[in-house]
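So the sequence shown is numbered by the numbering used here: it starts at 203 and just counts up by one. Okay, so here's the structure we're looking at.
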Amino acid sequence: MSYNMYLSALLMAATCCSLAISYLCWKRRELPIAISYGLGMLTGAFYTFGYAFEIVSTSLEHIRFWLRIEYMGIPFGTVLWFIMVLQYTGRQALVRKWLVAALMIVPTITFVSHHTNELHHLFYKSMTLNYSEGFPLVTLVKGPLYKLHVYYSYSFFVVGMVLMIQMFIKEKLRMKKQVALMIIGSWGPYGFTLVYLSGVIYMPIDISPFGFIISGVFYMWGIYQFNMLRLAPLALQKVFASMQDAVIVFDLDNSLTSFNQSAKRVIAGINSKWIGQPAVQVFSQYPVLLDKIKQGPFMEGKVQLAGHADEQFYNVHVSFINDKNQKPVGKMLLLSDVTDMVRSEITLLENAKQLRELNTFKDKMFSVVAHDIRDPLAVLVNLMELMEEEMQTYGEDQQEIVNEMGQQIHNTFTLVESLLEWFRSQSGGMIFKPVERDLAQTIQISLRLLLVRSENKQIQIISEIPKDTFVYADKEMLDLIVRNLLSNAIKFTDFGGIIRLKAEHRDHKVVVSVSDTGDGITSDQASMLLQEDYPVSSTGTAGEKGVGLGLTLCREFVHLNGGEIWFDSTPAQGSTFYFSIPTLSEASSKQSDSLIGGRA
């Protein structure tokens, strides 16, 4: 077997090596450098594959066919290699669509002119067979377009080598080995071609394709030994495992090597053109992240970043990426969006602060009530007792008035004592103790307390609430609600008016209404009533004044008991206030549903 068969087998081995590198690049196609690198090796595969069959062909026609196969890759190989060098040396920003299109003009002319050479002979002037080596070889007389192709290719090769040599000089020792492998691998096909074309050494066959064997060996060595393609396979395993979080990968020199789609939502402007850029440039707007990546691996820490819309909060985690030997080859920055959680925490803290302030205010208010109301009433009780003793000598009519005054003062004192006792029980926080109560009895107790005020204004109060109308509510809260609504009705009803109380069952609740024949509520007052926390108190029909907290307390206490409060009013005709209170059956049903939901 002649030695051209051995050479053909060697070229097929080079083809397989180039295809293997192209496959590895395809697996890492998320990186722009992997695309240009892989396509460049694919053009080399066309060259070596075609030449492997060219040197074993026996006719000129067969040789022409395999030359066309070779020239499917040869014209474009140098441009793709040059683009890869720009990306590898950190000049990704220069690789734009218009530049790539411009660089491909001459390769396209070469491709077309080679395949149409028989029409114009501008690429090859002639093609003849030579049998001097014992097997047919083609002898080519090159035309002007062939020379254009050679000059164009070597011009870019020289520029590319200068860029890589500059990178070799600047890089640290670890990176120097990787760059050296790239330089040696690139010299393979171009060096062999230069020797062949120069004629310094006589070569009966074109040795250019054999240079890809050298390239393949050094490129494969660089990929597996030094991870020449910048951590792509290691990074992507974690990128795809956490696509909801932003993942940004750097090499040990803090140069950007990869990132996922989520990172684009966090880091403003980040794109594939930033690959190879230092962390200082990537995080120029985020100094806190730059500090994190520089300090190396650490556990999670919370940072605040300016997002595209507003401030966002992220948990930051930096870890090493290790190779199969557990040696660090890069760093991974993981950003998890915790904005909603942080804002919820802030809201909870603000609510807790407000609750503390309200409790402090409530305790102060209780203290004021204890000192400013109880003591004067106690004095009035003592004075009333002295007056009763001194009035024994007076007539029976005066005695009846004194007795009535004493009864009213004692009732008021009992009420205040009850309220103060309740206030003291609430000093550690609001305590809600609902019990089943007869609503009609509650109304009667409040009516007795307000009897003097209603009689002074000759107001008739009619309660149409039947006995045994039971509700489920906190005793003190229900008493306060009823007293406040009745007190307001008396306050805003003219002399000789009527107040009517009713109750009806609706959807397992009792709806209580308090209607009066007063002046009604204006539209301006109606829009603010039951809405403001501290409304301004209005003056009653007899000049009565208040502090404006009555309806506010009613609203809060009704809601705490699971009901609603509302009103209807017609100017000059009167107003009706409604509030709903649950029954025991509804309260038991809600508790049962809550228990079932808890078990589920």
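Each residue gets a CB set at the ideal place from its N, CA and C atoms; glycine is no exception.
Is there contact between the segment 764–781 and the segment 714–722, where contact requires at least three CB pairs shorter than 8 Å? The segment 764–781 vs the segment 714–722: in contact.
Can residue 462 and residue 533 be called in contact, C-beta distance under 9 Å? Locating residue 462 in the sequence shown gives position 260, counting from the first residue. Locating residue 533 in the sequence shown gives position 331, counting from the first residue. Not in contact: residue 462 and residue 533 (Cβ atoms no closer than 9 Å).
Whose C-beta lies closer than 6 Å to the C-beta of residue 696 among residues of the same chain, with five residues either side of it excluded? By one-based count along the sequence shown, residue 696 stands at place 494. In its chain, beyond the 5 residues on either side, 743 have a beta carbon closer than 6 Å to the beta carbon of residue 696.
What residues in its chain sit with their C-beta under 7 Å from that of residue 286, if we drop five residues either side in the sequence? Within the sequence shown, numbered from 1, the residue matching residue 286 stands at position 84. Exclusion of the five residues before and after residue 286 leaves 235, 238, 239 and 242 as the residues of its chain whose Cβ lies within less than 7 Å of its Cβ.
State buried or exposed for residue 765, treating a residue as buried only when at least 16 other CB atoms are found within 10 Å of its CB. The residue labelled residue 765 in the question sits at position 563 within the sequence shown. Answer is buried; the Cβ neighbour count reaches 16.
Assign residue 274 to one of three DSSP states: helix, strand, or coil. If you number the sequence shown from 1, residue 274 lands on position 72. Coil.
State buried or exposed for residue 531, treating a residue as buried only when at least 16 other CB atoms are found within 10 Å of its CB. Taking the first residue of the sequence shown as 1, we reach residue 531 at position 329. Taking every protein chain shown into account, the CB of residue 531 has 16 or more other CB atoms within 10 angstroms, so this residue is buried.
Would you say residue 303 touches the ligand SAH, meaning its beta carbon is less than 8 Å from a heavy atom? Among the components of this structure there are no ligands whatsoever, and the ligand SAH is therefore not found.
Runs of alpha helix (DSSP H) lying entirely within the segment 335–383, each at least 4 residues, in chain order: Taken in chain order, the complete alpha helix (DSSP H) segments of 4 residues or longer contained in the segment 335–383 are 346–372.
Just the Cα atoms here: how many angstroms apart are residue 446 and residue 484? As a working note, residue 446 is residue 244 in the sequence shown. As a working note, residue 484 is residue 282 in the sequence shown. Each residue's alpha carbon lies about 21 Å from the other.
Indicate the three-state DSSP secondary structure (helix, strand or coil) for residue 773 in the structure shown. Mapped onto the sequence shown, residue 773 falls at position 571. Residue state, collapsed to three classes: coil.
Just how far apart, CA to CA, sit residue 465 and residue 498? As a working note, residue 465 is residue 263 in the sequence shown. As a working note, residue 498 is residue 296 in the sequence shown. Their backbone Cα atoms lie some 19 Å apart in a straight line.
Once DSSP output is grouped into helix, strand and coil, what is the label at residue 761? Translated into positions along the sequence shown, residue 761 becomes position 559. Helix.
CB of residue 661 within 9 Å of CB of residue 701, strictly: The residue given as residue 661 occupies position 459 in the sequence shown. The residue given as residue 701 occupies position 499 in the sequence shown. For residue 661 and residue 701, yes; Cβs fall inside 9 Å.
Rounded to whole angstroms, what is the Cα-Cα separation between residue 268 and residue 215? In the sequence shown, residue 268 corresponds to position 66, counting from 1. In the sequence shown, residue 215 corresponds to position 13, counting from 1. Cα to Cα, residue 268 sits roughly 17 Å from residue 215.
Sub-9 Å separation of residue 635 and residue 676 beta-carbons: The count along the sequence shown starts at 1 and reaches residue 635 at position 433. The count along the sequence shown starts at 1 and reaches residue 676 at position 474. Residue 676 sits close to residue 635, with the two beta carbons spaced by under 9 Å.
Leaving out five residues before and five after residue 351 in sequence, what residues of the same chain have Cβ atoms less than 6 Å from its Cβ? Reading the sequence shown from its first residue, position 149 is the one you call residue 351. If you ignore the 5 residues before and after residue 351, its C-beta comes within less than 6 Å of the C-beta of 312, all in its own chain and listed in chain order.
N- and C-terminal bounds of the beta strand (DSSP E) containing residue 194: The structure shown does not extend to residue 194, since the chain is modelled only from 203 to 802, so the question has no answer here.
CA-CA distance, residue 710 and residue 536? As a first step, residue 710 is located in the sequence shown; it is residue number 508 there, counting from the start. As a first step, residue 536 is located in the sequence shown; it is residue number 334 there, counting from the start. Those two C-alpha atoms are separated by around 55 Å.
Rounded to whole angstroms, what is the Cα-Cα separation between residue 332 and residue 247? Locating residue 332 in the sequence shown gives position 130, counting from the first residue. Locating residue 247 in the sequence shown gives position 45, counting from the first residue. If I take the Cα positions, the gap works out to 26 Å.
Three-way DSSP call (helix, strand, coil) for residue 643 in this model: In the sequence shown, residue 643 corresponds to position 441, counting from 1. Reduced to three states, the DSSP call for residue 643 is helix.
Leaving out five residues on either side along the sequence, give the residues of the same chain with a beta carbon under 8 Å from the beta carbon of residue 346. In the sequence shown, counting from the first residue as 1, residue 346 sits at position 144. Close CB contacts of residue 346 within its chain, under the 8 Å cut and outside five residues either way in sequence, are with 324 (chain order).
Could you check whether residue 688 and residue 663 sit closer than 9 Å to each other, using their CB atoms as the reference points? Looking up residue 663 in the sequence shown gives position 461. Looking up residue 688 in the sequence shown gives position 486. Going by C-beta atoms, residue 663 is nearer than 9 Å to residue 688.
Bridge partner(s) assigned by DSSP for residue 524: For the purposes of this step, residue 524 is identified with residue 322 of the sequence shown, where counting begins at 1. Its beta-bridge partners are 530.
Run through the DSSP bridge pairs and tell me what residue 329 is partnered with. Start at 1 with the first residue of the sequence shown, and residue 329 comes out as number 127. DSSP lists 342 as partners of residue 329.
Among 549, 339, 769 and 368, which residue has its Cα nearest to the Cα of residue 291? Mapped onto the sequence shown, residue 291 falls at position 89. Ranking 549, 339, 769 and 368 by CA distance to the CA of residue 291 puts 368 first.
When the Cα atoms are used, what is the spatial distance from residue 886 to residue 245? Nothing about residue 886 can be reported from this structure: the residues present for the chain run from 203 to 802 only.
Hey, residue 692 and residue 753: beta-carbon distance below 9 Å or not? The residue given as residue 692 occupies position 490 in the sequence shown. The residue given as residue 753 occupies position 551 in the sequence shown. Taking the C-beta atoms as reference points, residue 753 is found no nearer than 9 Å to residue 692.
Give me the Cα-Cα distance between residue 328 and residue 280, rounded to the nearest whole angstrom. The count along the sequence shown starts at 1 and reaches residue 328 at position 126. The count along the sequence shown starts at 1 and reaches residue 280 at position 78. Distance between the alpha carbons of residue 328 and residue 280: 25 Å.
Quick check: residue 726 and residue 773, are their CB atoms within less than 9 Å of each other? For the purposes of this step, residue 726 is taken as the residue at position 524 of the sequence shown. For the purposes of this step, residue 773 is taken as the residue at position 571 of the sequence shown. Contact check for residue 726 against residue 773 fails: the beta carbons are separated by 9 Å or more.
Buried or exposed (CB count within 10 angstroms, at least 16 for buried), residue 524: Position 322 of the sequence shown, counting from 1, holds the residue named residue 524. The residue is exposed, with fewer than 16 neighbouring Cβ atoms inside 10 Å.
What span of residues does the beta strand (DSSP E) with residue 708 cover, start to end? Here residue 708 corresponds to residue number 506 of the sequence shown, with the count starting at 1. Taken as a continuous stretch (DSSP letters only), the beta strand (DSSP E) holding residue 708 covers 700–708.
When you compare only the Cα positions, how much space is there between residue 520 and residue 449? Reading the sequence shown from its first residue, position 318 is the one you call residue 520. Reading the sequence shown from its first residue, position 247 is the one you call residue 449. Taking the Cα positions, residue 520 is about 10 Å away from residue 449.
Taking just the CA atoms, how far does residue 451 sit from residue 494? Position 292 of the sequence shown, counted from the first residue, corresponds to residue 494. Position 249 of the sequence shown, counted from the first residue, corresponds to residue 451. Each residue's alpha carbon lies about 13 Å from the other.
For residue 490, the three-state DSSP class (helix, strand or coil): Here residue 490 refers to the residue found at position 288 when the sequence shown is read from its first residue. Helix at residue 490.
Residues in the same chain with beta-carbon distance under 6 Å from residue 310, minus the five sequence neighbours each way, listed in chain order, please. Stepping through the sequence shown from its first residue, residue 310 is reached at position 108. There are no such residues.
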